[in-house]
Structures are given as C-alpha cells and as structure tokens.
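A quick write-up on the structure given underneath.
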Amino acid sequence: MASLAATLDRLRPGPRFERWILERVRQRRGPPQLPFTLEYRHIYVMPTRFGAWFGLLLATITIGGLNFNNNMALLLGFVLAAIAQLTSLLAYRDLVGITLSGINTSPVFAGENAAFRIYLKNPEPRHRFAVQVISDESTEVEDIGPQQSACFALKQASFVRGWMELLPFRLQNRYPLGLFRAWSIIIPTARCLVYPKPAGNPPPLPRTRRGDNGTAQPGEGEHFHGLRDYQPGDALRRVAWRTSARHDKLYSKVMETPREEACELNWYLMGHQAPEEKLCILAAWILIAERRGIPYSLELPADSLPAGLGDEHREACLKILALYGT
C-alpha cells in the first residue's frame, strides 16, 4: 500500500508540470490585457490527489464487479464515475467567464510584504463558489455572488528597493467535491514600488536653520504657539494649568515648529557611507521629519526636491530614493 501511494505521488502533477504549463502560457498567451475574461481555452482541469485515489477506488469496484459478475457493484461503480465526471464539469463552469478587472497595490518598504489586490468580477447571474487565488506565498478563497465582484489580497515578500513585479498566480477551484481542480495561470503586468528600508538607528536630523521663509507651522514641536480650548485626548503635559485656573476652564497649549528649523537632506553632506546605507538613512530621516512636522528638502545626484511637508511630498521623496540608480 505504501509503494502504491508513492507511485501515485510520483504520477501526480507537480511543480515541474506547472512550470511547463507556465512557459506554454507565456509563449502562446503572454500577459493579459485587463479586463481579462477566462474562456474555455484558458482553463485546465486535472484530478486532485483525492480524485486520483477515488479513481483507483472506482477501478477496484469495477474489476471486482466484473470478476465476481456482480451487477450491483458495476452499477455502483458506473454511478460514482458519472458523478465524478459531472464534478469536473462543475469545477470548470465555476471558473469560466470570471473577469479579472484590475490589480493594484501600495508602496512598501524593503523587507515588508506587498499586498496586491486582485479584483475578480462575476458577470453572470449565478454564484461562483470557493474561488481561489493562489501564489507561492499566499492563498485567498472567496465566494462571488451573481453579478458581483470580490477582492483577493496576495502577499509577496519584498527584498530590494525599486520596482517589484507581481509573480504569476493561479485562479483555481475544487468545487463541489474536491475530485478535480480547474485552474488557470495568470501572468500579470502589475508591479509594486519598494522603498529603501529605513535605517534602524539613524544620525540626528541635519538642521540647516535656513529653510523656507514664512510663518511657523503649528503642530507637534518644541516652541509655544498659543492656547486653545481643551479637547478630549489632549496630553496632560499640554494643558495650561495656570491659565485654566484663572479662567476656570481648561486650555491646551499649541506648539509649533519654526520654518527656520527646516532640514536639508543632502546626499553630498552625508560622509563616505555606502550608497545603499545613505538611502536607508535618508528614508529614516524623511519619516522622522514627517512625524515631527519639520519641513525638509532632498538633494540627490540625479534629482532633488525643495523643502515641503505632507503625504505627497513624503511619497515623492521616497520614490526618488527607491528608483535611485535604476
């Protein structure tokens, strides 16, 4: 029995077979143009391991029925075989017609997992049960209702900065009994921007004290800006106790970051560190400056940005770091 199981395992399609299928898909179909609808020629139907054992059981029942001239055993074998054949059709119908409508993601830092969001749409008035989206690192399973869409999140580890391509993944289904799996390979063109990994213990921010002219920016800082009414959630260290006692009402201090404390993140003033180490330090400085509300400029050999603050400025600076030298 153990030798039979080993033989079935060797005969079961493995990674080598799937790589062969992937190469054929690359040559014949290539990357799909979105939206992409699965048609009959895009879907493969193969027995699962459970299905292979079930087929062996049917063969044993049939041989036993023929050997002992047992019509009931033959009838049972034929009925089970018909049911198994019907499940292969149901598995196929559960995938055919599904539309891959879009793929998107958000930038991550090197070492983090990128989450690619796969959007599948069911344009037909029938349910799609247990649709799987499978990659080498994650698996997502969802039911898709009639004329509805579903979002599947595939995780992929990032290692180096720059653009990271989404690896090929599979759309798969084993509905309803798990005897057969219908599957299709998708070769996407989606990619994720990977920022440099921020340095764990960066040097202090380089304060130039010659930033943009203008008024100070209220927010988290070390300089007193003014008073406002106390709001739930304000830190106790920000409460103006003396003023509150005089007016019999709670007031909170508003701090500010003066404009002259803007910092200049300059590649040429960072010493003789390795280029990748400089990029990691710059990424850490950008996050620290954003957290403290300190405007910052960026100067690299290939690009530069004036002093600024906010999500758009941070993403623009991190993108320059991610694509430096590429």
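Residue numbers (my numbering): 1 to 326.
Idealized CB from N, CA, C, for every residue including glycine.
Note that this is a predicted model, so its numbers are computed, not measured.
Check your understanding: With a cut-off of 8 angstroms, do at least 3 Cβ pairs link the region 300-311 to the region 158-173?
Key -> no
Check your understanding: First and last residue of the alpha helix (DSSP H) that includes K314?
Key -> One-based indexing of the sequence shown puts residue 314 at position 314. The amino acid occupying residue 314 in the given sequence is Arg; Lys does not appear at that position. Residues D311 to A322.
Exercise for review: Using the DSSP secondary-structure output, state which residues sit across from I43 in a beta bridge.
Suggested key: Translated into positions along the sequence shown, residue 43 becomes position 43. Looking at the DSSP assignment, I43 forms no beta bridge with any residue, so it has no partner.
**Study point:** Which residues DSSP lists as bridging T87, in chain order
**Key:** Residue 87 sits at position 87 when you count from the first residue of the sequence shown. For T87, which the question treats as bridged, DSSP gives no partner whatsoever.
Practice item. For A289, I'd like the list of residues in its chain whose CB is within less than 7 angstroms of its CB, leaving aside the five on either flank, ordered along the chain. Key: Counting from 1 along the sequence shown, the entry for residue 289 is found at position 289. Cβ within range, chain order: L205, C263 and Y296.
**Study point:** Helix, strand or coil at S149 [DSSP, three-state]
**Key:** Stepping through the sequence shown from its first residue, residue 149 is reached at position 149. Residue state, collapsed to three classes: strand.
Check your understanding: Span of the beta strand (DSSP E) holding K121?
Key -> By 1-based counting over the sequence shown, the position of residue 121 is 121. Residues N113 to K121.
Check your understanding: Count the other CB atoms within 10 Å of the CB of K197; is the residue buried (16 or more) or exposed (fewer)?
Key -> On the sequence shown, position 197 is the one that residue 197 refers to. Flag for K197 reads buried.
Exercise for review: Spatial neighbours of P202 within its chain, please: CB distance less than 7 angstroms, with the 5 preceding and 5 following residues excluded, ordered by chain position.
Suggested key: As a working note, residue 202 is residue 202 in the sequence shown. The residues are I281, A284 and W285.
Check your understanding: Considering only residues of the region 241-286, which uninterrupted alpha helix (DSSP H) runs meet the minimum length of 4 residues and lie entirely inside it, listed in chain order?
Key -> 241-247
Point to revise | C-beta contact flag for A322 and V194 at 8 angstroms | key: Taking the first residue of the sequence shown as position 1, residue 322 is located at position 322. Taking the first residue of the sequence shown as position 1, residue 194 is located at position 194. In this structure, V194 lies closer than 8 angstroms to A322 by Cβ.
Exercise for review: Could you check what DSSP says for N67 in three-state terms: helix, strand or coil?
Suggested key: Residue numbering aside, residue 67 sits at position 67 when the sequence shown is read from its first letter. In the structure shown, N67 sits in a helix (DSSP, three-state: H, G or I).
**Study point:** A240 versus V108: straight-line alpha-carbon distance, rounded
**Key:** In the sequence shown, the residue the question calls residue 240 occupies position 240. In the sequence shown, the residue the question calls residue 108 occupies position 108. Looking at the two C-alpha atoms, the distance is approximately 40 angstroms.
Review point. Would you say A73 faces chain C, with C-beta separation under 8 angstroms as the test?
Key: Within the model displayed, chain C is absent; a lone protein chain is all it includes.
Exercise for review: Verify whether the separation of the beta carbon atoms of Q147 and P125 is less than 8 angstroms.
Suggested key: Within the sequence shown, the letter at position 147 stands for residue 147. Within the sequence shown, the letter at position 125 stands for residue 125. In contact: Q147 and P125 (Cβ atoms closer than 8 angstroms).
Check your understanding: Candidates R117, A245, A182 and H313: which alpha carbon is nearest S106's?
Key -> As a first step, residue 106 must be located in the sequence shown, where it is residue number 106. Residue R117 is the option with its Cα nearest to S106.
**Study point:** Collapsed DSSP secondary structure at D236 in the structure displayed
**Key:** For the purposes of this step, residue 236 is taken as the residue at position 236 of the sequence shown. First, the residue type needs correcting, since residue 236 is Leu and not Asp in the sequence shown. L236 falls in the helix class under three-state DSSP.
Point to revise | For L287 and A235, the rounded distance between their alpha carbons | key: On the sequence shown, residue 235 is found 235 positions in, with the first residue counted as 1. On the sequence shown, residue 287 is found 287 positions in, with the first residue counted as 1. Computed Cα separation, rounded: 22 angstroms.
Check your understanding: What residue range is occupied by the uninterrupted beta strand (DSSP E) comprising P306?
Key -> Reading the sequence shown from its first residue, position 306 is the one you call residue 306. Residues S304 to G308.
Review point. What residues are listed by DSSP as bridge partners for K155?
Key: Position 155 of the sequence shown, counted from the start, is the residue given in the question as residue 155. According to DSSP, which records beta bridges pairwise, K155 is partnered with A115.
Check your understanding: Between the beta-carbon of Q231 and the beta-carbon of S244, is there less than 8 angstroms?
Key -> Numbered from 1 along the sequence shown, position 231 holds the residue referred to as residue 231. Numbered from 1 along the sequence shown, position 244 holds the residue referred to as residue 244. Cβ distance not < 8 angstroms, so Q231 and S244 don't count as in contact.
Point to revise | Sequence-distant residues of its chain with Cβ nearer than 7 angstroms to Y92 (five each side left out) | key: Locating residue 92 in the sequence shown gives position 92, counting from the first residue. If we look at Y92 and ignore the five residues flanking it on each side, its Cβ neighbours are I43, V45 and A182.
Check your understanding: Bridge partners of I98, per DSSP?
Key -> Looking up residue 98 in the sequence shown gives position 98. Paired residue(s): none; I98 is not in a bridge.
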